[in-house]
């Protein structure tokens, strides 16, 4: 069986009619050109491979545009300008006495037949040509349906693989690398790049790419003011260049020094998340590539899903950050501080290094709340937090455990070393209370450490809290001791 399903029908029709040339063209809608897919001819002037731009395809253009059959039974005038009338012939062709051109499958193709043996084609021959056109149309629709089904299957497999990665907790970089590789293969492109530009950032980086990307590119940051990828981000538009021109100075993707081909097709698109992250998806091929509309739509939908996924990731990070810090003071929130205490406890157990947990509580806080406005209370909290952070050495973590209670975490520090630093904080309440008369805040301090005081995390927090409550029984002037 012939690998070309159209050729046997073209051969049969040509032999039945004793035609000079019988040719079947398929219309490429994206590039607006007619491509020869099957032919039998006695001509020495017609090439075996033909792609005609629709606007320059002579009589064939009329058939495709109008969708009507053309039958010429006297071609004296046409043969004097063959390249204009029948541009698939070369100069020198003559003595064509008749031609018949009929649209196939509603303009998806054109069946062309001509003759040198008689003036045109009689009614019976015309009927045969139309019947063969219907057969070719059926083959064309079946092949298109088969190709579309195969393409749908490939797209579905890609979406399936991407879903498995997206919903199994894999790292975002892994997902983005797979995304670029899978869709590059669907489109027939050699390279794929996902780039990310953060809010208010002056540069962007490659988030994911195909495995053949030069290593130097994957680790760099690039300016959006140069290159085709930068153009996509700067202009907030999609970009399609069917044939890159290596002689054009700005026909490069990232930087002039990149080691990438500059003679094929490049396609890029850009998206923006609600948090201000810009995402670019760019494909590059070594040769000119054309892909079908279904694949293009699938990539567009997948890119939209990727934007939502990235938005979810960064919203989650934003939420975790918000939950990790106290809204008023910017210190670690109580859950975040407790989590860091747990982490340091387990790390210290592994390394046998000491650490100390301290608590600082300012009193009388409730009386203070009866004297000043809530916004003044919040300002006082911020002043206390700021003064504590300024007084403590670098590396010491401070958490906001309550309005007037702070946690202090000293890594690789004994209780005795930590207490000497905590004692220096005794005067900070007085400093923060400037402008509030009749009330003096005093810091009450306690501490407990590993392994000196507690060998288990379950014992550490109760112990340091008990010591804080015991400190409340001391006179204020001894609170810092």
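In my numbering, the protein residues as written are 11 to 491. Ideal Cβ placement from N, Cα and C applies to all residues, glycine included.
Rounded separation between residue 479 and residue 391 - CA only: On the chain shown, residue 479 is found 469 positions in, with the first residue counted as 1. On the chain shown, residue 391 is found 381 positions in, with the first residue counted as 1. Approximately 21 Å, taken between the alpha carbons.
Taking its Cβ as the centre, do 16 or more other Cβ atoms sit within 10 Å of residue 212, making it buried, or is it exposed? By 1-based counting over the chain shown, the position of residue 212 is 202. Label assigned to residue 212: exposed.
Beta carbon of residue 27, beta carbon of residue 125: below 8 Å? As a position in the chain shown, residue 27 is number 17, starting the count at 1. As a position in the chain shown, residue 125 is number 115, starting the count at 1. Their beta carbons are under 8 Å apart, which means residue 27 touches residue 125 by this criterion.
Look at the Cβ atom of residue 451, then the Cβ atom of residue 365, and state whether they are nearer than 8 Å. Numbered from 1 along the chain shown, position 441 holds the residue referred to as residue 451. Numbered from 1 along the chain shown, position 355 holds the residue referred to as residue 365. No, Cβ-Cβ distance for residue 451 and residue 365 is not below 8 Å.
Rounded to whole angstroms, what is the Cα-Cα separation between residue 398 and residue 279? Counted from its first residue, the chain shown places residue 398 at position 388. Counted from its first residue, the chain shown places residue 279 at position 269. One C-alpha to the other measures close to 49 Å.
Helix, strand or coil at residue 394 according to DSSP, with G and I counted as helix: Stepping through the chain shown from its first residue, residue 394 is reached at position 384. Correct three-state label for residue 394: helix.
Once the 5 residues before and after residue 277 are set aside, which same chain residues still bring their CB inside 6 Å of it? Residue numbering aside, residue 277 sits at position 267 when the chain shown is read from its first letter. Correct list, in chain order: 250, 293.
Could you name the residues that DSSP lists as bridge partners for residue 409? Looking up residue 409 in the chain shown gives position 399. Note: residue 409 sits in a beta bridge opposite 342, 417.
Quick one: what does DSSP say residue 161 is sitting in, helix, strand or coil? For this step, residue 161 is matched to residue 151 along the chain shown. Helix, per DSSP.
Roughly how far, in whole angstroms, is the beta-carbon of residue 10 from the beta-carbon of residue 119, given that I think they are within contact range, below 8 Å? The structure shown has nothing for residue 10, since the chain only spans 11 to 491.
How close, in whole Å, do the beta carbons of residue 43 and residue 62 come, if the pair is a contact with beta carbons under 8 Å? Against the chain shown, residue 43 aligns to sequence position 33. Against the chain shown, residue 62 aligns to sequence position 52. Right, the Cβ-Cβ distance comes to about 6 Å (below 8 Å), so this counts as a contact.
Any contact between the stretch 381-389 and the stretch 319-334? By contact I mean 3 or more CB pairs, one from each, below 8 Å. no
Backbone CA spacing between residue 112 and residue 13 [nearest angstrom]: Stepping through the chain shown from its first residue, residue 112 is reached at position 102. Stepping through the chain shown from its first residue, residue 13 is reached at position 3. The straight-line gap from Cα to Cα measures roughly 24 Å.
Residue 246 burial status per 10 Å Cβ neighbour count (16 or more: buried): By 1-based counting over the chain shown, the position of residue 246 is 236. By the neighbour-count rule (16 or more Cβ atoms within 10 Å), residue 246 is not buried but exposed.
In angstroms, rounded to a whole number, what distance separates the CA positions of residue 453 and residue 328? The residue you call residue 453 lines up with position 443 of the chain shown. The residue you call residue 328 lines up with position 318 of the chain shown. Looking at the two C-alpha atoms, the distance is approximately 33 Å.
Buried or exposed, going by whether 16 or more other CB atoms sit within 10 Å of the CB of residue 193? By 1-based counting over the chain shown, the position of residue 193 is 183. So residue 193 ends up on the buried side.
DSSP state of residue 38, grouped into three classes? Position 28 of the chain shown, counting from 1, holds the residue named residue 38. Strand.
Starting from the N-terminal side, write out each stretch of the beta strand (DSSP E) that is 3 residues or longer and does not extend beyond the stretch 43-81. 43-51, 61-63
Beta strand (DSSP E) segment containing residue 183, residue limits: Against the chain shown, residue 183 aligns to sequence position 173. Not the beta strand (DSSP E): residue 183 falls in the alpha helix (DSSP H), residues 182-197.
Taking buried to mean at least 16 other C-beta atoms within 10 Å of its own C-beta, is residue 419 buried or exposed? As a working mapping, residue 419 is identified with position 409 in the chain shown. Buried, since its Cβ has 16 or more Cβ neighbours within 10 Å.
Alpha carbon to alpha carbon, what distance is there between residue 457 and residue 483? Position 473 of the chain shown, counted from the first residue, corresponds to residue 483. Position 447 of the chain shown, counted from the first residue, corresponds to residue 457. Going by the C-alpha atoms only, they are around 16 Å apart.
CB residue 273 to CB residue 254, shorter than 8 Å? Along the chain shown, read from residue 1 onward, the residue named residue 273 stands at position 263. Along the chain shown, read from residue 1 onward, the residue named residue 254 stands at position 244. Yes, the pair counts as a contact, with Cβ atoms nearer than the cut-off.
Using C-beta distances below 6 Å, list every residue in its chain close to residue 477, excluding the 5 sequence neighbours before and after it, in chain order. Residue 477 sits at position 467 when you count from the first residue of the chain shown. Counting only Cβ-Cβ distances below 6 Å, and skipping sequence neighbours, we find 456.
Between the CA atoms of residue 92 and residue 198 - distance to the nearest angstrom: For the purposes of this step, residue 198 is taken as residue 188 along the chain shown, with counting starting at 1. For the purposes of this step, residue 92 is taken as residue 82 along the chain shown, with counting starting at 1. Their backbone Cα atoms lie some 37 Å apart in a straight line.
Rounded separation between residue 223 and residue 201 - CA only: Counting from one through the chain shown, the residue named residue 223 turns up at place 213. Counting from one through the chain shown, the residue named residue 201 turns up at place 191. Residue 223 and residue 201: Cα-Cα distance of roughly 7 Å.
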